[in-house]
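Structure record follows, encoded as structure tokens.
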Amino acid sequence: MILYVLLGPTAVGKTEVALQMAEKLGSPILNCDSRQIYRGMEIGTAAPTEEQQKRVRHYFVGTHDIGSYYSAAQYEQDVLSLIEELRGEHRSLLLSGGSMMYIDAVCNGIDDIPSVDPEVRDTLRNRLINGEIDEMRNELRMLDPDYYLTADTRNPKRVVHALEVCYTSGRPYSSFLTNERKQRPFDIVKIGLRRERAELFDRINRRVDAMMAGGLLDEARRLYPFRYENALNTVGYKELFRCLSGEWELPFAVEKIKKNTRDYAKKQMTWFAHDTSIQWFHPDEALSTLNSIL
RNA sequence: GGUGCCUUGGAUGAGUGGCUUAGUCAACGGUCUGCAAAACCGUCUACAGCAGUUCGAAUCUGCUAGGCACCU
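This is the structure we're talking about:
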């Protein structure tokens, strides 16, 4: 079995290429977008429409509540078990999306790190809010000196997570890291879509305007009560929330959305650039070129 | 023609004789093993031009160029 992974920065034009590829392959689309997984964020995440989902069966679109906990590790498991289920009837499957870490989790795996005890998580989160980051850093140095040396300890998220694991498991966080790439019972072919940066940025800017015209502000207004959920710490929403709370003017918020989306696209490209196994295409040429490959 | 004011890095905008850089925005580069569309780190050292004063000038003086205001 072959798993085709279609990836690329946001707004590059993955959706249409994915649909046609899926039809060509006779495969459903396994969505790989960490935010399209949530229900109720359709406009801001440019989720596949109902029509598109009628054209091709989609998985991992709108399957979770805004408030539910999800992670790359869970995604890895969910995708792997789905592939097991589908592999009998498909010679190839298509995974499509731009969430770098999720792609990585499926292709290379994530080490088996114990699930964090929710109480531990809450405690540490509260300590972080209370400004105890320095103490927490010191604790990490005691509990996991190896990790402390290499970790970016200026990033609170890294410190907190390592500590979470240390406290839940009673073992150093780094003892769970194997640095091994997991073997998969299928082949992986990565197809990357890319455009000239100016072209991509122009598409991003225009897509944000289109989202606004398509009701993004109303969507944000509906989601406003849930604004502290992690799922909504997302470009397109977090800016409009500040607008709804009276902090920002709407035009300013819209410019911020464009800017943050551009930055996100750059981050994606930086991440993907390290992956030499990706074959790159311009979206306009991808299908015709791929026809000969698929 | 005269008088006064202004001219700072891609944009904006402080500063005022001397420690090395204001700040903001944009742009760019990077990190990444459980909330990743997240979080974090880094780069861009300018003072319109020329000549002077001074140990030392973006900061003072003169001239030149460009701009603005007012006067005739």
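The first sequence begins at 28 in the numbering used here and counts up by one. Note that CB positions come from ideal geometry on N, CA and C, so glycine has one too.
#### Entry: Which of helix, strand or coil DSSP assigns to residue 244
Here residue 244 refers to the residue found at position 217 when the first sequence is read from its first residue. Helix, per DSSP.
#### Entry: Per-residue DSSP class, three states only, for residue 217
Reading the first sequence from its first residue, position 190 is the one you call residue 217. Strand, per DSSP.
### Query
Can you name, in chain order, every residue of its own chain whose Cβ lies under 7 Å from the Cβ of residue 283, other than the five neighbours on each side?
For this step, residue 283 is matched to residue 256 along the first sequence. Around residue 283: 266.
### Task
Determine the extent of the alpha helix (DSSP H) in which residue 106 is found, giving its start and end residues.
Here residue 106 corresponds to residue number 79 of the first sequence, with the count starting at 1. Element bounds for residue 106: 99–113.
### Query
Alpha carbon to alpha carbon, what distance is there between residue 86 and residue 281?
As a working mapping, residue 281 is identified with position 254 in the first sequence. As a working mapping, residue 86 is identified with position 59 in the first sequence. Computed Cα separation, rounded: 30 Å.
### Query
If you check the beta carbons only, do residue 262 and residue 287 fall under 9 Å apart?
Residue numbering aside, residue 262 sits at position 235 when the first sequence is read from its first letter. Residue numbering aside, residue 287 sits at position 260 when the first sequence is read from its first letter. It is a contact, given that the beta carbons lie within the stated cut-off.
### Query
How big is the Cα-Cα spacing for residue 154 and residue 145?
The count along the first sequence starts at 1 and reaches residue 154 at position 127. The count along the first sequence starts at 1 and reaches residue 145 at position 118. Roughly 14 Å between the two C-alpha positions.
### Message
I'd like the list of long-range same chain contacts for residue 173, defined as Cβ closer than 6 Å, with 5 residues on each side in sequence excluded.
### Response
Position 146 of the first sequence, counting from 1, holds the residue named residue 173. Excluding positions up to five away in sequence, the list reads 201.
### Span of the alpha helix (DSSP H), counted from its first residue to its last, around residue 315
Along the first sequence, read from residue 1 onward, the residue named residue 315 stands at position 288. Unbroken alpha helix (DSSP H) run through residue 315: 310–320.
#### Entry: Bounding residues of the beta strand (DSSP E) (the contiguous stretch that carries residue 304)
In the first sequence, residue 304 corresponds to position 277, counting from 1. That residue, residue 304, is in no beta strand (DSSP E); it is neither H nor E in DSSP.
#### Entry: Inter-residue spacing [alpha-carbon to alpha-carbon] between residue 110 and residue 226
Working through the first sequence from its first residue, we reach residue 110 at position 83. Working through the first sequence from its first residue, we reach residue 226 at position 199. Approximately 35 Å, taken between the alpha carbons.
### Message
Can you list, in chain order, the residues of its chain with a C-beta nearer than 7 Å to that of residue 119? Leave out the 5 residues immediately preceding and following it.
### Response
To locate residue 119, count along the first sequence from 1; it is residue 92. Within the same chain, residue 119 has close Cβ partners 28, 29, 31, 52 and 54.
### Query
What span of residues does the alpha helix (DSSP H) with residue 32 cover, start to end?
Here the question's residue 32 lines up with position 5 in the first sequence. No alpha helix (DSSP H) contains residue 32, which is instead part of the beta strand (DSSP E) from 29–34.
### Query
My guess is that residue 34 and residue 299 are in contact by the Cβ rule of under 8 Å, so how many angstroms apart are they, rounded?
Along the first sequence, one-based indexing puts residue 34 at 7. Along the first sequence, one-based indexing puts residue 299 at 272. 7 Å between Cβ atoms; contact.
### Message
Quick check on residue 123: does DSSP put it in helix, strand or coil?
### Response
As a first step, residue 123 must be located in the first sequence, where it is residue number 96. Three-state DSSP puts residue 123 in a strand.
### Query
Got a sec? Which residues, its chain only, sit under 6 Å from residue 61 by beta carbon, not counting five neighbours each side?
In the first sequence, residue 61 corresponds to position 34, counting from 1. Sequence-distant Cβ neighbours of residue 61 in its own chain, meaning closer than 6 Å and more than five residues away, are 126 and 129.
### Task
Starting from the C-beta of residue 208, find all residues in its chain whose C-beta is less than 8 Å away, skip the five residues before and the five after it, and write them out in chain order.
Position 181 of the first sequence, counted from the first residue, corresponds to residue 208. Excluding five sequence positions before and after residue 208, the CB atoms of its chain that fall closer than 8 Å to its own CB belong to 135 and 136, given in chain order.
#### Entry: Reduced DSSP category for residue 284 - H, G, I as helix; E, B as strand; rest coil
Sequence index remark: in the first sequence, residue 284 carries index 257 (1-based). Three-state result, residue 284: helix.
### Message
I need the straight-line Cα distance from residue 204 to residue 189, nearest angstrom please.
### Response
To locate residue 204, count along the first sequence from 1; it is residue 177. To locate residue 189, count along the first sequence from 1; it is residue 162. Rounded to whole angstroms, residue 204 to residue 189 spans 11 Å at the Cα level.
#### Entry: Contact the stretch 301–318 vs the stretch 211–221: 3+ CB pairs below 8 Å
yes
### Task
Count the other C-beta atoms from every protein chain shown that fall within 10 angstroms of the C-beta of residue 36, then say buried if there are 16 or more, exposed otherwise.
Position 9 of the first sequence, counting from 1, holds the residue named residue 36. Residue 36 comes out buried.
### Task
Can you check the stretch 124–207 for any alpha helix (DSSP H) of at least 4 residues that lies completely inside it and give the ranges in chain order?
127–134, 145–156, 160–170, 172–177 and 183–196
### Task
Consult DSSP for residue 56 and reduce its assignment to one of helix, strand or coil.
Start at 1 with the first residue of the first sequence, and residue 56 comes out as number 29. Reduced to three states, the DSSP call for residue 56 is strand.
### Query
In terms of alpha-carbon separation, which member of 277, 274, 192 and 95 lies closest to residue 259?
Looking up residue 259 in the first sequence gives position 232. Of the listed residues, the one whose Cα sits closest to residue 259 is 95.
### Query
So what's residue 264 in DSSP terms, helix, strand or just coil?
Position 237 of the first sequence, counted from the first residue, corresponds to residue 264. Of the three classes helix, strand and coil, the one that applies to residue 264 here is coil, per DSSP.
### Query
Are the Cβ atoms of residue 74 and residue 83 separated by less than 9 Å?
Counting from one through the first sequence, the residue named residue 74 turns up at place 47. Counting from one through the first sequence, the residue named residue 83 turns up at place 56. No, Cβ-Cβ distance for residue 74 and residue 83 is not below 9 Å.
### Query
Closest by CA to residue 122, which one among 101, 72, 108 and 49?
On the first sequence, residue 122 is found 95 positions in, with the first residue counted as 1. Nearest option by C-alpha distance: 49.
### Where the alpha helix (DSSP H) through residue 82 begins and ends
Indexing the first sequence from 1 puts residue 82 at position 55. For residue 82, the enclosing alpha helix (DSSP H) covers residues 77–82.
### Query
Any heavy atom of the ligand MN within a distance shorter than 8 Å of the CB on residue 302?
No copy of the ligand MN appears in this structure; indeed no ligand is present at all.
### Collapsed DSSP secondary structure at residue 251 in the structure displayed
Residue numbering aside, residue 251 sits at position 224 when the first sequence is read from its first letter. Three-state DSSP puts residue 251 in a helix.
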